[in-house]
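Asker: Each residue of the sequence shown is one higher than the one before, starting from 11 at the first, in this note's numbering. Positions of the beta carbon are idealized from the N, C-alpha and C atoms, including for glycine.
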Amino acid sequence: MTGSALQLPVIALTAGEPAGIGPDLCVSLAARALPCRLVVLGDADVLRARALRLGVEIGITQGTDIPSHRQGMLHVRHLHAAAPVAPGVLDAANSAHVLALLDAAVAGCLDGSYDALVTAPVHKGIINDAGIIFTGHTEYLARRGNTPRVVMMLAGGGLRVALATTHLPLRAVADVITPQLLAEVIRILDTDLRTKFRIAHPRIVVAGLNPHAGESGHLGREEIDIIEPVLMRLRGEGLDLVGPLPADTLFSRIRQEPCDAVLAMYHDQGLPVLKYASFGAGVNVTLGLPFIRTSVDHGTALDLAGSGRAEIGSLLAAIDMAIDMASGER
Numbered sequence: 011m012t013g014s015a016l017q018l019p020v021i022a023l024t025a026g027e028p029a030g031i032g033p034d035l036c037v038s039l040a041a042r043a044l045p046c047r048l049v050v051l052g053d054a055d056v057l058r059a060r061a062l063r064l065g066v067e068i069g070i071t072q073g074t075d076i077p078s079h080r081q082g083m084l085h086v087r088h089l090h091a092a093a094p095v096a097p098g099v100l101d102a103a104n105s106a107h108v109l110a111l112l113d114a115a116v117a118g119c120l121d122g123s124y125d126a127l128v129t130a131p132v133h134k135g136i137i138n139d140a141g142i143i144f145t146g147h148t149e150y151l152a153r154r155g156n157t158p159r160v161v162m163m164l165a166g167g168g169l170r171v172a173l174a175t176t177h178l179p180l181r182a183v184a185d186v187i188t189p190q191l192l193a194e195v196i197r198i199l200d201t202d203l204r205t206k207f208r209i210a211h212p213r214i215v216v217a218g219l220n221p222h223a224g225e226s227g228h229l230g231r232e233e234i235d236i237i238e239p240v241l242m243r244l245r246g247e248g249l250d251l252v253g254p255l256p257a258d259t260l261f262s263r264i265r266q267e268p269c270d271a272v273l274a275m276y277h278d279q280g281l282p283v284l285k286y287a288s289f290g291a292g293v294n295v296t297l298g299l300p301f302i303r304t305s306v307d308h309g310t311a312l313d314l315a316g317s318g319r320a321e322i323g324s325l326l327a328a329i330d331m332a333i334d335m336a337s338g339e340r
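(1) I need the DSSP call for ASN104, collapsed to helix, strand or coil.
(2) Whole alpha helix (DSSP H) runs in the stretch 270-296 with 4 or more residues, listed along the chain?
(3) Per DSSP, THR145 is paired with what?
(4) Between HIS211 and LEU249, what straight-line distance do the alpha-carbon atoms span, to the nearest angstrom?
(5) Check for me: the beta strand (DSSP E) holding VAL49 runs from which residue to which?
(6) Would you mind working out which of THR74, THR24, ARG80 sits nearest LEU57, comparing C-alpha positions?
(7) What three-state label does DSSP hand VAL56 in the structure shown?
(8) For ILE142, collect the residues of the same chain with a Cβ closer than 8 Å to its Cβ; drop the 5 residues on either side in sequence, then sort them by chain order.
(9) Go through the stretch 107-175 residue by residue and report every complete run of the beta strand (DSSP E) that reaches 3 residues or more, in order.
(10) Between the Cα of MET83 and those of ASP200, PRO19, LEU111, ALA61, spot the shortest distance and give me the residue it belongs to.
(11) Hey, quick one: how far does the beta strand (DSSP E) through ILE21 stretch, first residue to last?
(12) Three-state secondary structure (DSSP) at HIS308?
(13) Pull the bridge partners of HIS85 from the DSSP assignment, please.
(14) On the criterion of 16 or more Cβ atoms from any shown chain inside 10 Å, does LEU325 qualify as buried, or is it exposed?
(15) Is the beta carbon of ALA114 less than 8 Å from the beta carbon of ALA103?
(16) Are the beta-carbon atoms belonging to GLY381 and ALA165 less than 8 Å from one another?
(17) Skipping 5 residues on each side, what residues in its chain have a beta carbon closer than 6 Å to that of LEU314?
(18) Among LEU297, THR175, HIS228, ILE322, which has the Cα closest to the Cα of ILE145?
(19) So ILE214 is in the beta strand (DSSP E); what residue range does that whole segment cover?
(20) Going by other Cβ atoms of all chains shown within 10 Å of its Cβ, with 16 needed for buried, is TYR150 buried or exposed?
(21) Are VAL66 and VAL20 close, meaning C-beta to C-beta below 8 Å?
(22) May I ask which residues mark the beginning and end of the beta strand (DSSP E) holding LEU244?
(23) Using the Cβ count rule (16 or more neighbours within 10 Å means buried), how would you classify GLN279?
(24) Would you kindly work out how many angstroms separate the C-alpha atoms of HIS277 and ASN294, rounded to a whole number?
(25) On the premise that LEU173 lies in contact with ASP270, defined as a C-beta separation below 8 Å, what is that separation, rounded to the nearest angstrom?
(26) If you measure between the beta carbons of PRO131 and THR310, is that distance less than 8 Å?
Structure representation (C-alpha cells):
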C-alpha cells in the first residue's frame with residue numbers, strides 16, 4: 011500500500027439487513043470514486059449474488075490490509091450469514107448476523123482499525139422477532155460503546171436536527187424529558203458540534219415540547235418547569251442557546267436567523283422537516299460515541315431490494331460526512 015493511501019481515512023460500512031437494500035447500496039458503491047479506504051462488513055457471497063442480480067460487475071477483495079477504494083472493486087470483511095438470503099424476504103435466523111456486523115465494526119473503531127463507521131439500514135422488527143430486544147442503531151451502539159448517553163442527529167437540506175428523545179411511544183416522551191436528560195443532551199450536542207464538526211461557537215435552537223411552546227403554561231408546563239431553567243443554566247456556562255420556541259414556526263424562523271443545529275424534543279417533531287428538506291440525501295449521526303458513526307436516513311426498503319431502483323444518495327452523503335469528520339480528527 012502506498013504512503014498516500016495510508017493517509018486516507020478507513021471507513022467501515024456495515025451492510026445491514028441482508029434481505030433489504032443494504033447489499034444493493036454496497037454494490038452500487040463499486041461504481042463510485044471515494045477518497046477513503048472502504049471496507050464493507052457483510053457476507054461476501056450475498057454481495058456477489060446481489061451484484062449478479064443487479065447486473066453489476068464487481069471484484070471483491072478480502073484481507074486485513076484495506077486498500078484505497080477503487081472503482082469496480084469492493085474490499086469486504088466477510089461475516090457469513092446464518093441462513094440463505096432472498097431479496098425482500100426477511101429471516102429472523104439472520105438477525106444475529108446483522109448484529110455481529112455492528113459488533114465487529116464497533117470493535118474495529120474502538121481499537122483504531124477503523125476511523126469511522128457508516129451503517130446501512132437494519133430491520134428492527136425482525137431482530138425483535140428473533141428474541142433480541144433492539145430499539146435501533148443509536149441505542150445499540152451506545153451500549154456497545156459503553157456510552158451512557160448518546161444523541162441522535164440528522165443532517166441534510168442545510169439543516170442539523172438533534173433529538174432529546176429517540177424511539178419512544180409519544181405518550182412516554184414527556185415523562186422522559188427531565189432536567190438531567192436535557193442538560194446532558196445539549197452538552198453532548200454542543201461538544202460534538204465543536205469537536206467533530208469544527209464549529210467554534212455553535213448556536214443551538216431548542217424546540218418546546220407542547221404546542222405553542224406551552225402557551226405560557228396553558229398547554230403544558232414542561233417549558234416553564236424543565237426546558238427554560240435548563241437553558242438558562244447552560245447559558246450561564248457559555249452555551250449559545252435559543253428557545254424554547256414553538257416547533258411549528260421554529261423552522262421558518264431559522265431561515266431568517268440561521269443556527270448550527272435544532273434540538274427537537276421527540277422523533278416526529280423535527281425529522282419530517284429535515285427529511286423533506288434533504289429529499290433522500292439526509293444523514294443520521296450518533297453524537298457522544300467514542301467514535302464517528304453516520305448512517306443513511308431511511309429503512310431497509312424490502313420492496314426495492316434486488317430491483318435496481320434503490321437510491322444511493324443518502325449513503326453517499328453519509329460516507330462523505332464520515333470522511334470529512336474522520337479527516338478532521340487525523
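Answerer: The structure says:
(1) Counted from its first residue, the sequence shown places residue 104 at position 94. Note: ASN104 maps to helix in three-state DSSP.
(2) Runs found: 277-288.
(3) For this step, residue 145 is matched to residue 135 along the sequence shown. Residue pairing for THR145: DSSP places it in no beta bridge.
(4) Here residue 211 refers to the residue found at position 201 of the sequence shown. Here residue 249 refers to the residue found at position 239 of the sequence shown. The alpha-carbon atoms of HIS211 and LEU249 are separated by roughly 8 Å.
(5) Residue numbering aside, residue 49 sits at position 39 when the sequence shown is read from its first letter. VAL49: member of the beta strand (DSSP E) spanning 47-52, first to last residue.
(6) By 1-based counting over the sequence shown, the position of residue 57 is 47. The residue with the shortest Cα to Cα distance from LEU57 is THR24.
(7) Position 46 of the sequence shown, counted from the first residue, corresponds to residue 56. Correct three-state label for VAL56: helix.
(8) The residue given as residue 142 occupies position 132 in the sequence shown. Excluding residues within five positions, the ones whose Cβ falls inside 8 Å are SER105, ALA106, LEU109.
(9) Listed in chain order, the complete beta strand (DSSP E) runs (minimum 3 residues) inside the stretch 107-175 are 126-129, 161-166, 169-173.
(10) For the purposes of this step, residue 83 is identified with residue 73 of the sequence shown, where counting begins at 1. For MET83, the closest C-alpha among the options ASP200, PRO19, LEU111, ALA61 is that of ALA61.
(11) Numbered from 1 along the sequence shown, position 11 holds the residue referred to as residue 21. Run containing ILE21: 20-24, per the beta strand (DSSP E) assignment.
(12) Numbered from its first residue, the sequence shown carries residue 308 at position 298. Here HIS308 sits in coil by DSSP.
(13) Taking the sequence shown and counting its residues from 1, the one referred to as residue 85 is at position 75. For HIS85, which the question treats as bridged, DSSP gives the partners THR71.
(14) On the sequence shown, position 315 is the one that residue 325 refers to. Counting of Cβ neighbours within 10 angstroms places LEU325 among the buried residues, the total reaching 16 or more.
(15) In the sequence shown, counting from the first residue as 1, residue 114 sits at position 104. In the sequence shown, counting from the first residue as 1, residue 103 sits at position 93. The answer is no: Cβ separation not under 8 Å.
(16) Examination of residue 381 is not possible in this model, given that the chain is present from 11 through 340 alone.
(17) Position 304 of the sequence shown, counted from the start, is the residue given in the question as residue 314. Spatial neighbours of LEU314 in its own chain (CB-CB distance under 6 Å, excluding positions within 5 residues in sequence) are listed in chain order as ILE31, ALA320.
(18) For the purposes of this step, residue 145 is taken as the residue at position 135 of the sequence shown. As written in the sequence, residue 145 is Thr, which differs from the Ile given in the question. Per the C-alpha coordinates, the member of LEU297, THR175, HIS228, ILE322 positioned closest to THR145 is THR175.
(19) Start at 1 with the first residue of the sequence shown, and residue 214 comes out as number 204. For ILE214, the enclosing beta strand (DSSP E) begins and ends at 213-217.
(20) For the purposes of this step, residue 150 is taken as residue 140 along the sequence shown, with counting starting at 1. The residue in question, TYR150, is buried, as its Cβ has 16 or more Cβ neighbours within 10 Å.
(21) Residue numbering aside, residue 66 sits at position 56 when the sequence shown is read from its first letter. Residue numbering aside, residue 20 sits at position 10 when the sequence shown is read from its first letter. It is not a contact, given that the beta carbons lie outside the stated cut-off.
(22) Here residue 244 refers to the residue found at position 234 of the sequence shown. Careful: LEU244 lies outside any beta strand (DSSP E), inside the alpha helix (DSSP H) at 238-245.
(23) Along the sequence shown, one-based indexing puts residue 279 at 269. Buried: at least 16 other Cβ atoms inside 10 Å.
(24) Here residue 277 refers to the residue found at position 267 when the sequence shown is read from its first residue. Here residue 294 refers to the residue found at position 284 when the sequence shown is read from its first residue. Approximately 12 Å between the Cα atoms of the pair.
(25) Along the sequence shown, read from residue 1 onward, the residue named residue 270 stands at position 260. Along the sequence shown, read from residue 1 onward, the residue named residue 173 stands at position 163. Not really, about 16 Å apart at Cβ, beyond 8 Å.
(26) The residue labelled residue 131 in the question sits at position 121 within the sequence shown. The residue labelled residue 310 in the question sits at position 300 within the sequence shown. Contact: yes.
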